[in-house]
Every structure is written in C-alpha cells, then in structure tokens.
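Residue numbers (our numbering): 15 to 94.
Working notes, beginning with the structure itself.
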Ligand SMILES: [Zn+2]
C-alpha cells in the first residue's frame, strides 16, 4: 500500500510557503502532481514562482501520464 502524507513546501530563498501537498511515498520531493496540491500559495499570473521573491521553483511536465510540476532542486524545502 502506497504511503501518503501531507507536507508543506517552502521557498529556500525567502522561506515563504508555496504549496501544501499530499505526497505519495517516501523520499526526496522531486515532483508535485497537480492533483495532489491541496493549497497553492502562488499567484495565477506567476505560477511556479515564489509569491514573495519570484524565484522559479518548478517546471510543468507530465509524469506517468499525470500533469505535474518538476521541482528545481535546491529551490524548495519541505516540512511534514
Ligand atoms: Zn521566495
């Protein structure tokens, strides 16, 4: 059975919150499936950029046929 848990995702540069996210499985956060983003703190105009400092932290992609954001390593940190 796949494990799921809720994490908060923050900007590494300014520590602003970016997402609340339902993560599937253990391990480093490499991607976010769009359907698992529970709260999105970014603005629609500058999506995938930090709402405070405008750092881009991810790119749109498809993973296993599901729309996802590929995290740019080093741009975010997470807390459970
Ligand atoms: Zn930031």
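Where is the CB? At the ideal position from N, CA and C, for every residue including glycine.
For a cut-off of 8 Å, the C-beta gap from residue 80 to residue 47 is around 5 Å, short enough to register as a contact.
In this structure, the CA atom of residue 23 is about 22 Å from the CA atom of residue 78.
Sequence-distant Cβ neighbours of residue 27 in its own chain, meaning closer than 6 Å and more than five residues away, are 67, 69. Using a 10 angstroms sphere on the CB of residue 56, the tally of other CB atoms reaches 16 or more, which defines it as buried. Shown here, residue 60 sits in coil according to DSSP, grouped into three states, outside any helix or strand. Distances from the CB of residue 59 to the heavy atoms of ligand 1 are all 7 Å or more. Distances from the CB of residue 69 to the heavy atoms of ligand 1 include at least one below 7 Å. Straight-line measurement puts the Cα of residue 16 at about 20 Å from the Cα of residue 92.
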